[in-house]
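**Student:**
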Amino acid sequence: MTIPEDKLIHTKSRIRELLYGADLYRYKGRVTKLQGLTLEAHLPKLKIGDLVFIETVTGEPKAAEVVAFKGDVAQMLLLYDGVGISQGSWVTTTGNPITIPVGDFLIGRLVSPLCEPMDGMPMDTSLAKMVSVEAAPPNPLERPVIKQKFSTGVRAIDSLLTMGGGQRMGLFAGSGVGKSTLMGMIARNSEADVNVVALIGERGREVKEFMEGSLGEEGMKKSVLVCSTGDQPPLMRMKCLQSATAIAEYFRDQGKKVFLMADTVTRCAMSGREVGLSIGEPPTMKGYPPSIFSWLQKVLERSGITDNGSITALYTVLVEGDDINDPVCDTVRGIIDGHVMLSRKIAAMNHYPAIDILGSVSRLFTEVCDPEHMEAAGKMREMLSIYMDAKDLVDVGAYEPGANPKIDTALEHIDSINGFLRQSVSDTVSMDSTLNTLKDLMRDVTL
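Mapping to numbering that gives the first Met the number 0: the sequence shown position 334 is 333, numbers consecutive.
Right, dumping it as structure tokens:
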């Protein structure tokens, strides 16, 4: 077969370009310093974010990522431990960032931030698509406006803190107030096609508890769990959120409704603090380096809605010492599109989910709700506010019925409101059922 002259010239030109741009040999260097999980080496052609391998005395390769340069010396952080690495160990670069295999085979699985199976079952990645754990957020002008409701299956959220498909919400709470339980309820009952759950810095025993207790068999059928326990190095804990986001982006690009949950962003930020301080960044508020706040902005912006599909996200934030003005709390609250506050005081009253309605807000509530829904929700929030203001007077017997019609109305309806907002872990409710009940409760209320 004769190849046309123009195609032959084009083919030769393309081959020449590839040869000129190709690395015909692999660069190697040697470890010059190792301190903790940070090591230094002289190695040409390295870039920030490159994956490198360090050869141990037994020949086992240890993965690391290039995170900084100090003059002509590259600083790298190990992804796992540094056992077997010695002064002068060989360092080889891949020339590429960290990539992970993604595909439908991940559904129902528990994996590491590098998508290695952690559930003891084999994984076939022969048809996998390889993607970088880091990606740019969608173009702001190419994001469709959020107009559709997203059903979580939790009455308190669907009625008074209604979310839109593609919205990013924060779940703020101290330890032991019910974050993981609420996440499991949403994962089981939401309208999402796929759940992607990042468990960051979790205690080892809690992983199986979350899988079997909070998610259950039904939740696992449509979920991908990405886990990095608290005993793993800080860089792996940071990669956990990035990997989960990359997996969610894959399913979103397949046209699916994805629900991304991260528990917790605070532990991810703490890992970033360890990474930043280990490479010499200056500490700022509570020891956090400046880079962690811009890193959070970038990774949280990756979720949202596109023309293909949507990633609706719920990022949990651990409120240290119940201090809502913690730097991480402030930063995340300023980035996302609303926040759900869990209250230790409400939990102590055996009211679950322990959502502080008056302290929570959905910034897209007015965009996705119809006027009748907004009116009913407004009445319920107002009655809750009136009741909370008058509660101390009522509790000590200082309030006389009839003195204030609004307080009387709030007292008359508070039991039915609390009954509506309480929900058992096993309860399954639809968005339509929730909204109909809300409107019926508030229909004859006049304030």
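C-beta: ideal position from N, C-alpha, C; glycine also. A quick note: this is a predicted structure, and the numbers were derived from the prediction, not measured.
Is the separation between the beta-carbon of S277 and that of L78 shorter than 9 Å?
**Tutor:** In the sequence shown, counting from the first residue as 1, residue 277 sits at position 278. In the sequence shown, counting from the first residue as 1, residue 78 sits at position 79. Cβ distance not < 9 Å, so S277 and L78 don't count as in contact.
**Student:** Report yes or no: do the segment 127-147 and the segment 290-306 share at least 3 C-beta pairs separated by less than 8 Å?
**Tutor:** yes
**Student:** Could you check how far apart the C-beta atoms of R343 and V176 are, in whole angstroms? I think they sit under 8 Å.
**Tutor:** Walking along the sequence shown from the start, residue 343 turns up at place 344. Walking along the sequence shown from the start, residue 176 turns up at place 177. About 5 Å; that satisfies the 8 Å criterion.
**Student:** Near P288, which residues of its chain fall below 7 Å by C-beta distance, leaving aside the five closest residues on each side in sequence?
**Tutor:** As a position in the sequence shown, residue 288 is number 289, starting the count at 1. Excluding positions up to five away in sequence, the list reads R272, G275, L276, E280, P281 and P282.
**Student:** In whole angstroms, give me the CA-to-CA distance for M219 and E205.
**Tutor:** On the sequence shown, residue 219 is found 220 positions in, with the first residue counted as 1. On the sequence shown, residue 205 is found 206 positions in, with the first residue counted as 1. Using only the alpha carbons, I get a separation of about 15 Å.
**Student:** Are the CB atoms of P352 and L363 within a distance shorter than 9 Å?
**Tutor:** Numbered from 1 along the sequence shown, position 364 holds the residue referred to as residue 363. Numbered from 1 along the sequence shown, position 353 holds the residue referred to as residue 352. Not closer than 9 Å, so no.
**Student:** Span of the beta strand (DSSP E) holding C114?
**Tutor:** One-based indexing of the sequence shown puts residue 114 at position 115. No residue range can be given for C114, since it is assigned to no beta strand (DSSP E) and is classified by DSSP as neither H nor E.
**Student:** Would you call T315 buried or exposed, if buried means 16 or more other Cβ atoms sit within 10 Å of its Cβ?
**Tutor:** Taking the sequence shown and counting its residues from 1, one reaches residue 315 at position 316. Counting Cβ neighbours within 10 Å, T315 comes out buried, since at least 16 surround it.
**Student:** Consult DSSP for A134 and reduce its assignment to one of helix, strand or coil.
**Tutor:** Here residue 134 refers to the residue found at position 135 when the sequence shown is read from its first residue. If DSSP states are grouped into helix, strand and coil, A134 belongs with coil.
**Student:** Tell me whether the beta-carbon of L240 lies closer than 9 Å to the beta-carbon of V264.
**Tutor:** Numbered from 1 along the sequence shown, position 241 holds the residue referred to as residue 240. Numbered from 1 along the sequence shown, position 265 holds the residue referred to as residue 264. It is a contact, given that the beta carbons lie within the stated cut-off.
**Student:** Going by C-alpha to C-alpha distance, which of A62, V82, F68 and G83 sits closest to T98?
**Tutor:** By 1-based counting over the sequence shown, the position of residue 98 is 99. With distances taken between Cα atoms, T98 lies closest to A62.
**Student:** Thinking just about the alpha-carbon of each residue, which of G286, G401 and G215 is nearest to the one in G107?
**Tutor:** On the sequence shown, residue 107 is found 108 positions in, with the first residue counted as 1. When only C-alpha atoms are compared, the closest one is G215.
**Student:** On a Cα-Cα basis, can you pick out the residue from C267, E54, T311 and K438 that is closest to F292?
**Tutor:** As a first step, residue 292 is located in the sequence shown; it is residue number 293 there, counting from the start. Taking only the C-alpha atoms, the option nearest F292 is C267.
**Student:** Are M162 and V424 touching if we call contact CB-CB under 9 Å?
**Tutor:** As a working note, residue 162 is residue 163 in the sequence shown. As a working note, residue 424 is residue 425 in the sequence shown. No, the Cβ-Cβ distance between M162 and V424 is not below 9 Å.
**Student:** Just the Cα atoms here: how many angstroms apart are L140 and D49?
**Tutor:** The count along the sequence shown starts at 1 and reaches residue 140 at position 141. The count along the sequence shown starts at 1 and reaches residue 49 at position 50. Distance between the alpha carbons of L140 and D49 is about 30 Å.
**Student:** Looking at the structure shown, is Y26 part of a helix, part of a strand, or coil, going by DSSP?
**Tutor:** Locating residue 26 in the sequence shown gives position 27, counting from the first residue. Coil at Y26, not helix or strand.
**Student:** Does the segment 366-386 come close enough to the segment 399-409 that 3 or more CB-CB pairs lie under 8 Å?
**Tutor:** yes
**Student:** Name the one or two DSSP bridge partners that Q34 has.
**Tutor:** The sequence position of residue 34 within the sequence shown is 35, counting from 1. BP columns for Q34 point to T37.
**Student:** I believe R380 touches L159 by the beta-carbon criterion, under 8 Å. Please report the beta-carbon distance rounded to the nearest angstrom.
**Tutor:** As a position in the sequence shown, residue 380 is number 381, starting the count at 1. As a position in the sequence shown, residue 159 is number 160, starting the count at 1. Right, their Cβ atoms sit about 6 Å apart.
**Student:** When the Cα atoms are used, what is the spatial distance from M235 to A155?
**Tutor:** In the sequence shown, counting from the first residue as 1, residue 235 sits at position 236. In the sequence shown, counting from the first residue as 1, residue 155 sits at position 156. Rounded to whole angstroms, the separation of the alpha carbons of A155 and M235 is 35 Å.
**Student:** Would you call R251 buried or exposed, if buried means 16 or more other Cβ atoms sit within 10 Å of its Cβ?
**Tutor:** To locate residue 251, count along the sequence shown from 1; it is residue 252. Buried is the call here.
**Student:** Closest by CA to D439, which one among I323, Y249 and S415?
**Tutor:** As a working mapping, residue 439 is identified with position 440 in the sequence shown. If we check each option's Cα against that of D439, S415 comes out closest.
**Student:** Hey, L259 and V195 are a contact pair by Cβ (cut 8 Å); roughly how many whole angstroms apart?
**Tutor:** For the purposes of this step, residue 259 is taken as the residue at position 260 of the sequence shown. For the purposes of this step, residue 195 is taken as the residue at position 196 of the sequence shown. Sure, about 5 Å apart at Cβ, within 8 Å.
**Student:** How about M168 and S361: do their beta carbons lie closer than 9 Å?
**Tutor:** As a position in the sequence shown, residue 168 is number 169, starting the count at 1. As a position in the sequence shown, residue 361 is number 362, starting the count at 1. Yes, the pair counts as a contact, with Cβ atoms nearer than the cut-off.
**Student:** From this set, L446, L437, P233 and E399, which residue's C-alpha is nearest N417's C-alpha?
**Tutor:** Counting from one through the sequence shown, the residue named residue 417 turns up at place 418. Among L446, L437, P233 and E399, the Cα nearest to that of N417 belongs to L437.
**Student:** Count Cβ pairs between the segment 31-45 and the segment 74-90 that sit closer than 8 Å; are there 3 or more?
**Tutor:** Touching, yes, given that three or more Cβ pairs across the two stretches are closer than 8 Å.
**Student:** Please report the distance separating the alpha-carbon of P136 from that of A191.
**Tutor:** The residue given as residue 136 occupies position 137 in the sequence shown. The residue given as residue 191 occupies position 192 in the sequence shown. The straight-line gap from Cα to Cα measures roughly 21 Å.
**Student:** Could you check whether S227 and I246 sit closer than 9 Å to each other, using their CB atoms as the reference points?
**Tutor:** Taking the first residue of the sequence shown as position 1, residue 246 is located at position 247. Taking the first residue of the sequence shown as position 1, residue 227 is located at position 228. Contact: no.
**Student:** Based on Cα-Cα distance, which residue from M117, A67 and T445 lies nearest to V223?
**Tutor:** For the purposes of this step, residue 223 is taken as residue 224 along the sequence shown, with counting starting at 1. Nearest of M117, A67 and T445 to V223, Cα basis: M117.
**Student:** Can the beta-carbon of V327 be found closer than 9 Å to that of L295?
**Tutor:** In the sequence shown, the residue the question calls residue 327 occupies position 328. In the sequence shown, the residue the question calls residue 295 occupies position 296. Yes, Cβ-Cβ distance for V327 and L295 is below 9 Å.
**Student:** What residues in its chain sit with their C-beta under 6 Å from that of G164, if we drop five residues either side in the sequence?
**Tutor:** By one-based count along the sequence shown, residue 164 stands at place 165. The residues are Q147, F149, S309 and T311.
**Student:** What are the boundary residues of the alpha helix (DSSP H) that includes S350?
**Tutor:** Walking along the sequence shown from the start, residue 350 turns up at place 351. It should be noted that the sequence gives His, not Ser, for residue 350. Where H350 is concerned, there is no enclosing alpha helix (DSSP H), given that its DSSP letter is neither H nor E.
**Student:** Please determine, among K390, H372 and V393, the residue with the shortest C-alpha to C-alpha distance to R442.
**Tutor:** For the purposes of this step, residue 442 is taken as the residue at position 443 of the sequence shown. Nearest C-alpha to R442: H372.
**Student:** Among the candidates R421, D426, G396 and K378, whose CA atom is the shortest distance from the CA of K405?
**Tutor:** By 1-based counting over the sequence shown, the position of residue 405 is 406. Selected option, being the one with the closest Cα: K378.
**Student:** Where does I304 sit, in a helix, a strand or coil, going by DSSP?
**Tutor:** For the purposes of this step, residue 304 is taken as the residue at position 305 of the sequence shown. Three-state DSSP puts I304 in a strand.
**Student:** I need the straight-line Cα distance from K69 to M75, nearest angstrom please.
**Tutor:** By one-based count along the sequence shown, residue 69 stands at place 70. By one-based count along the sequence shown, residue 75 stands at place 76. Cα-Cα distance, rounded: 11 Å.
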